[in-house]
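**Q** Start counting the sequence shown at 1; every next residue gets the next number (the UniProt record's numbering). Ideal Cβ positions, reconstructed from N, Cα and C, are used throughout, including at glycine. Here you go, one structure.
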Amino acid sequence: MIDRRLRSGAEQPICRRHAVMGELGTPVIIGREAELARVTSLLDRRASGLLVEGTIGIGKSTIVAAAVAQAQARDWTVLQCSPASTETGYAYAGLADLITELPAIPAVQRRALEVATHRADADQPADPHVVAAATVSVLRALAAQKPVLLVVDDVQWLDRETAAVLDFASRRLGGAPVALLVARRAEHAGAPLWGLEEQLWLSGMTEAELYGVVHHQLGRSLPRPVLTRLNAVCQGNPLMAVEMAKGLLPDWLVPPRPLAGDVLLAASAMTSPTVEGLRAALDDDVTAGLEAGELAGLIEVHGNTVTFGHPLFAAVIYGEAPAPRRRAVHRRLAKVESDPRHLALSILGPDESVAQTLENAALDAEPMVAAELLTLSRSRTPSHATAADGRRVVLLAEALFSSGDLHAARELLDEEIPALAAGPLRARALMVRGSIAWHQENGVVAAKLLESALDDAKSDQELTGQLHSKLSVFYSTDCAEAHLHAEAAVSALADSDSLAGALLNLCHTSAQLGLPPRTDLLDRGLADLTSPVPGMWYLAVDSTVDRARHRFATMLARADVASEADLLTHLGEVELVAGNLSAARKYADLATTAAMQLGQQFADRPRRLRAFVHAHAGELNEARQIAEDGADRAEANGDLAIAVGYLSVLAFIAASEADPAAVVGYTGRSRRHLATIGIKDPLGRDDPAIERICALAELDRLAEASAELADFEQRYVRFPRPWMEPVLARARATIAAAHGSSALDVNPRWSRFDQARVLLLRGRLLRRARRPGAAATALTSAEAIFSELTYPVWAAMARAELARVSRRRSAAAQLSQTEQRVADLVVSGMTTKQVAATLFMSPRTVESHVARAYRKLGIHSRAELGRVMAG
């Protein structure tokens, strides 16, 4: 098998593992004594981690190889992956390399890992959270036998799914002897990964060390002047030095011709070099320089496009040029390219006008580009320009947040907020920091940060309104307080572009408190909405699935990265309502990964969606595990709104298992949590009444069921939502059945699943009313819809009811008409004398008919007769 490093251009260890080995079998490494000591310390501490960073070719893989050799010499278990740039889009590719053998772990987790790593076939992808939990179980099981070294080289190419799993696992290993070693390229450096606070930066080698590396690798000794030139060009990079010494770049061991040098330097400084761009920048005929570069094998020219033969070539050419030449080239490029980075890199030291130009460019750029421009702007900001630097800090934090790099934004703000002066700028910084806390911590922490910003924002009405609007969402534990903030937001944002979101929040909190619905707010908010707003899901889905699907897909296309997880979850919920399980599952997986990458430890909303998908698909054990764990954890942490979401899944599972007592138990917990929060109308499909009213009636708790039905009817009258209609139909019919009614109609406007549930109940009630023909018709239709939707548990329930109808029909066929009439009255609870009086026959005749019925049906008691006649 070809090593992925050769395909991806990843750096190779600067050592000869098999030719020269130390006493313990470790590779011989030139220099790096201090760095190797850090590796030894990592292994000595066992439960620890180290992030190794440096430029391409600097020797990161050498350090990794040394660590692996040391760990193997100590008889550790080594789990290693070295992803390539071509594999970033392959889900769990890194995890498949890391975990090659599975120890004894729970069956559900084993199955999830096997599916995720393509060791087993499955109709549906694995649940990301179960995969993450399974990885923790594997690491703990292996660490119980002997210490583990987990190595990820070139982590910048690791697929998102594996990165999310390792982020999850790194926080849950506790004191287990698992050491984590990660190598990352300098250009991808940022916040510490996975809690790896200890970092090792690899700097360039000395001239003497480079001499040793080249001599050791190639067996060649370079003259001192050539070595000095090589070191200047490579800046101590051993891989570059070895490749150049091989003759890969022979022309660069002597000073290049000025024309070729200028052309290639300009090309190396451009993001996408073109012949036209080079001509415009250099005001010369660049043909000779380009041809010289082609002859040297450094570049390729295809039409107007100029590309370097290897990424290192551009880096070497740019790095070799003296700083004055680089600045001169950037000055010339700044005149012909709109990229403001050329202007910044053309000057020496701070320059406020350049910093301002970069800031202005960032305001119109995409978040990731804006973050880069603002970082460069801060580097050009004079030290005395504290106000400008503070403004750029906040803009940079906002850009990092919007690009999804919440870790970097959080680190920046935690360092800079204490230095910001009181006022609107600090309020904006606190608003971003609170939004990060909402994603990564909880609503209580988020609300506290935003509350502290209100005083700073009092001179800025729009900013004050934005803070109140966010607080109306973050106060998820106090609906009344959330409502007050929603009112304040609408008042402050009356003439603002942010008004639409505030209007929807106010409509939401008003309805939750049981206040008269403000449909005027809903209409205005939806008409002007340009960004995702919490609570909109409950409202938009009430029109049509197509409208909701289109709205959320449109919003996702223009949303920032920080909003992706919520919008993907909403899209999954829309597809679940539409009965598209595969699409719902896909969005649940995407949302879970997006949430975990934002630093959401539990990704509760996507996980709740995934649990519902499992439950509808008949995977009840998987759904139960997710929902029980989530509900218990949320209740323990005081996140009652999150707990209600998980409890709604558990109530649905109990309904799927025809367990009304369990339904009442779960929905009772939900009702208590909602009362604590102050929510009188949950608005959405987490409403406990959806399953609770019917369950109470089935348990003969008719007074409670009737009272809760009356409350639900009042809520429907006050704020009608289409999803409530089939719930009302089922609840009314179940209660009415206790009084002998079996009437229940189906509305074709309802969702397919709601139609099938109502048909199932209708068939059950008709069977109990001894109308087998009508019952069979309803149940057959219900079973067909459940099967079409691929909801196996519900389809099986419908088939079981059909079997009962068939058994009753079979029993009735064996009896004469008179015997059947007698049997029906007997099982209704009448005594022999009452049956005789009703049918105008003697008690002895009644007893004779009953005895013949017993013989024909092979039974011996009234109880058995009741069961047979009931089906």
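(1) Using only the alpha-carbon positions, how far apart do residue 575 and residue 685 sit?
(2) If you count every other CB in all the chains shown that lies within 10 Å of the CB of residue 11, and 16 or more means buried, which is it?
(3) By Cβ distance below 6 Å, which residues in the same chain neighbour residue 905 in space, the five residues on each side in sequence not counted?
(4) Just reading off the beta strand (DSSP E) that residue 786 is part of, what are its end residues?
(5) For residue 95, which three-state DSSP category applies?
(6) With contact counted as at least three CB pairs below 8 Å, one residue from each stretch, are the segment 176 to 184 and the segment 147 to 167 in contact?
(7) Extract the residue ranges of the alpha helix (DSSP H) inside the segment 625 to 702, only unbroken runs of 4 or more that lie entirely within it.
(8) I need the boundaries of the alpha helix (DSSP H) containing residue 614, first residue and last residue.
(9) What's the call for residue 516, buried or exposed, on a 16-neighbour Cβ count within 10 Å?
(10) Among the residues of its own chain, which have a CB less than 8 Å from the CB of residue 400, if the five just before and after it don't count?
(11) Kindly indicate the opening and closing residues of the beta strand (DSSP E) around residue 302.
(12) Could you tell me the alpha carbon to alpha carbon distance between residue 425 and residue 440, rounded to whole angstroms?
(13) Which of the three DSSP states, helix, strand or coil, is assigned to residue 84?
(14) If we ignore side chains and look at the alpha-carbon of each, how far apart do residue 403 and residue 263 end up?
(15) Per DSSP, which residues does residue 308 bridge with? Please list them.
(16) From residue 615 to residue 622, what distance separates their C-alpha atoms?
(17) For residue 389 versus residue 378, is the C-beta distance shorter than 8 Å?
(18) Pull the bridge partners of residue 65 from the DSSP assignment, please.
(19) Taking 7 Å as the cut-off, is the CB of residue 852 close to at least one heavy atom of the ligand GTP?
(20) Could you check what DSSP says for residue 319 in three-state terms: helix, strand or coil?
(21) So within the UniProt domain "HTH luxR-type" (808 to 871), which uninterrupted alpha helix (DSSP H) runs reach at least 4 residues, ignoring any that extend past its ends?
(22) Please name the residue or residues paired with residue 801 in a DSSP beta bridge.
(23) With the cut-off set at 8 Å, would you say residue 483 and residue 471 are in Cβ contact?
(24) Any idea what DSSP makes of residue 381, helix, strand or coil?
(25) Could you check if residue 747 is buried or exposed, using at least 16 other CB atoms within 10 Å of its CB as the buried criterion?
(26) So, are the CB atoms of residue 822 and residue 835 less than 8 Å apart?
(27) Taking 8 Å as the cut-off, does the segment 580 to 594 touch the segment 751 to 759 (at least 3 CB pairs, one atom from each stretch)?
(28) Using CA atoms only, rank isn't needed, just tell me which of 670, 169 and 164 is closest to residue 592.
(29) Count Cβ pairs between the segment 112 to 125 and the segment 36 to 56 that sit closer than 8 Å; are there 3 or more?
(30) Rounded to the nearest angstrom, what separates residue 428 and residue 466 at their Cα positions?
(31) Under DSSP, the beta strand (DSSP E) around residue 52 begins and ends at which residues?
(32) I need the DSSP call for residue 576, collapsed to helix, strand or coil.
(33) Please work out which residues of its chain come closer than 7 Å, Cβ to Cβ, to residue 343, disregarding the five sequence neighbours upstream and downstream, and give them in chain order.
(34) For residue 734 and residue 761, which I take to be in contact (beta-carbon distance under 8 Å), what is that distance rounded to the nearest angstrom?
(35) Applying the criterion that 16 or more other CB atoms from any shown protein chain within 10 Å of the CB defines a buried residue, is residue 688 buried or exposed?
(36) State buried or exposed for residue 418, treating a residue as buried only when at least 16 other CB atoms are found within 10 Å of its CB.
**A** Here's the rundown:
(1) Here the question's residue 575 lines up with position 575 in the sequence shown. Here the question's residue 685 lines up with position 685 in the sequence shown. Answer to the nearest angstrom: the Cα atoms are 14 Å apart.
(2) Your numbering for residue 11 matches position 11 in the sequence shown. Any reading at residue 11 must be qualified, since the residue scores a pLDDT of 36, below 50, and its modelled position is unreliable; no value is offered.
(3) Examination of residue 905 is not possible in this model, given that the chain is present from 1 through 871 alone.
(4) As a first step, residue 786 is located in the sequence shown; it is residue number 786 there, counting from the start. Not the beta strand (DSSP E): residue 786 falls in the alpha helix (DSSP H), residues 772 to 788.
(5) On the sequence shown, position 95 is the one that residue 95 refers to. Residue state, collapsed to three classes: helix.
(6) yes
(7) 640 to 656, 660 to 677 and 689 to 698
(8) As a first step, residue 614 is located in the sequence shown; it is residue number 614 there, counting from the start. Start and end: 604 to 616.
(9) The count along the sequence shown starts at 1 and reaches residue 516 at position 516. Residue 516 should be labelled exposed.
(10) Taking the first residue of the sequence shown as 1, we reach residue 400 at position 400. These residues qualify, in order along the chain: 367, 371, 406, 408, 409 and 412.
(11) Taking the first residue of the sequence shown as 1, we reach residue 302 at position 302. Residues 299 to 302.
(12) As a position in the sequence shown, residue 425 is number 425, starting the count at 1. As a position in the sequence shown, residue 440 is number 440, starting the count at 1. One C-alpha to the other measures close to 23 Å.
(13) The residue you call residue 84 lines up with position 84 of the sequence shown. It is coil, neither helix nor strand.
(14) In the sequence shown, the residue the question calls residue 403 occupies position 403. In the sequence shown, the residue the question calls residue 263 occupies position 263. Those two C-alpha atoms are separated by around 35 Å.
(15) As a first step, residue 308 is located in the sequence shown; it is residue number 308 there, counting from the start. BP columns for residue 308 point to 299.
(16) Residue numbering aside, residue 615 sits at position 615 when the sequence shown is read from its first letter. Residue numbering aside, residue 622 sits at position 622 when the sequence shown is read from its first letter. Their backbone Cα atoms lie some 8 Å apart in a straight line.
(17) Against the sequence shown, residue 389 aligns to sequence position 389. Against the sequence shown, residue 378 aligns to sequence position 378. Contact flag set, yes.
(18) As a first step, residue 65 must be located in the sequence shown, where it is residue number 65. Looking at the DSSP assignment, residue 65 forms no beta bridge with any residue, so it has no partner.
(19) The ligand GTP is not part of the structure shown, which contains no ligands of any sort.
(20) To locate residue 319, count along the sequence shown from 1; it is residue 319. DSSP places residue 319 in helix when its eight states are reduced to three.
(21) 817 to 827, 832 to 839, 843 to 857 and 862 to 870
(22) Here residue 801 is taken as the residue at index 801 of the sequence shown, counted from 1. According to DSSP, which records beta bridges pairwise, residue 801 is partnered with nothing at all.
(23) One-based indexing of the sequence shown puts residue 483 at position 483. One-based indexing of the sequence shown puts residue 471 at position 471. Not a contact, by the Cβ cut-off of 8 Å.
(24) For this step, residue 381 is matched to residue 381 along the sequence shown. Three-state result, residue 381: coil.
(25) Position 747 of the sequence shown, counting from 1, holds the residue named residue 747. Label assigned to residue 747: exposed.
(26) Translated into positions along the sequence shown, residue 822 becomes position 822. Translated into positions along the sequence shown, residue 835 becomes position 835. Yes.
(27) no
(28) Position 592 of the sequence shown, counting from 1, holds the residue named residue 592. That would be 164, whose Cα lies nearest to the Cα of residue 592.
(29) no
(30) To locate residue 428, count along the sequence shown from 1; it is residue 428. To locate residue 466, count along the sequence shown from 1; it is residue 466. Computed Cα separation, rounded: 10 Å.
(31) Position 52 of the sequence shown holds residue 52. Here the beta strand (DSSP E) through residue 52 covers 49 to 54.
(32) Along the sequence shown, read from residue 1 onward, the residue named residue 576 stands at position 576. Correct three-state label for residue 576: helix.
(33) Your numbering for residue 343 matches position 343 in the sequence shown. Here the set comprises 334, 354 and 357.
(34) Indexing the sequence shown from 1 puts residue 734 at position 734. Indexing the sequence shown from 1 puts residue 761 at position 761. Yes, they are in contact, since the Cβ atoms of residue 734 and residue 761 sit about 7 Å apart, within 8 Å.
(35) In the sequence shown, residue 688 corresponds to position 688, counting from 1. Flag for residue 688 reads buried.
(36) Indexing the sequence shown from 1 puts residue 418 at position 418. The residue in question, residue 418, is exposed, as its Cβ has fewer than 16 Cβ neighbours within 10 Å.
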